[in-house]
Each structure stands twice: as C-alpha cells, then as structure tokens.
Amino acid sequence: MFIDTMNQDLAALEQALHRRDAIDAALTLHRIRGAFLSLQIPRPDSHADTLEHALRTTGLTPATQAQVRDVILSLRSLLHGA
Numbered sequence: 009m010f011i012d013t014m015n016q017d018l019a020a021l022e023q024a025l026h027r028r029d030a031i032d033a034a035l036t037l038h039r040i041r042g043a044f045l046s047l048q049i050p051r052p053d054s055h056a057d058t059l060e061h062a063l064r065t066t067g068l069t070p071a072t073q074a075q076v077r078d079v080i081l082s083l084r085s086l087l088h089g090a
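The C-terminal position of the sequence shown is numbered 90 in the numbering used here, with every residue numbered one higher than the one before it.
This is the structure in structure tokens:
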C-alpha cells in the first residue's frame, strides 16, 4: 500500500511540475515527507523541507524544478530498488 500511494504521490508531483503549480508541488512534497515520517523511514532527500519552503516562497524556478525532479528520481529509485 505504501508503494502504491507513493507512486500516486510521485505522479501528482510530476503533474504539478507540468502545470507549473508550485503550491500543489509543495503540498504533495509535504504529504510524501509526512508518509516517510509516519512510518519512521529515513528520508533519502534530507533537503526536502528546504525545497518545500522554497516552492512556497519563490515558486517553480529552474533550480526548484530541477530539485523536485531529483527528488522524484531518488524516490522512484528507492521504491523500485533500482
């Protein structure tokens, strides 16, 4: 169930990037972080809280977009053991 939910959240994060919706991206990233914390799973992206703040304050800049894409790739790799 965790993996299915994470895959849905990662898809939602990608869609937020596509729509250039920084607030939705920040909310989705917050939900992903919360899931990891609630299950006491170490986060592979320790800078996610900083990224979430940047999305809320500066929006989707080229730098924050690249960071979100890196988070997506890291989490997909973690979830699928690649």
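Every residue, glycine too, gets a C-beta built ideally from N, C-alpha and C.
{"query": "For A30, is the classification buried or exposed, using 16 other Cβ atoms within 10 angstroms of its Cβ as the cut-off for buried?", "result": "buried"}
{"query": "Quick one: measure Cβ to Cβ for E22 and L37, integer angstroms, because I've assumed they're closer than 8 angstroms.", "result": "Not quite, the Cβ-Cβ distance comes to about 12 angstroms (not below 8 angstroms), so this is no contact."}
{"query": "Specify, as a first and last residue, the run of the alpha helix (DSSP H) that T69 falls within.", "result": "Run containing T69: none; DSSP gives neither H nor E here."}
{"query": "Helix, strand or coil, according to DSSP, for Q16 in the structure here?", "result": "helix"}
{"query": "Quick check: is the beta carbon of M9 nearer than 8 angstroms to any beta carbon in chain B?", "result": "Any reference to chain B falls outside this structure, which holds one protein chain only."}
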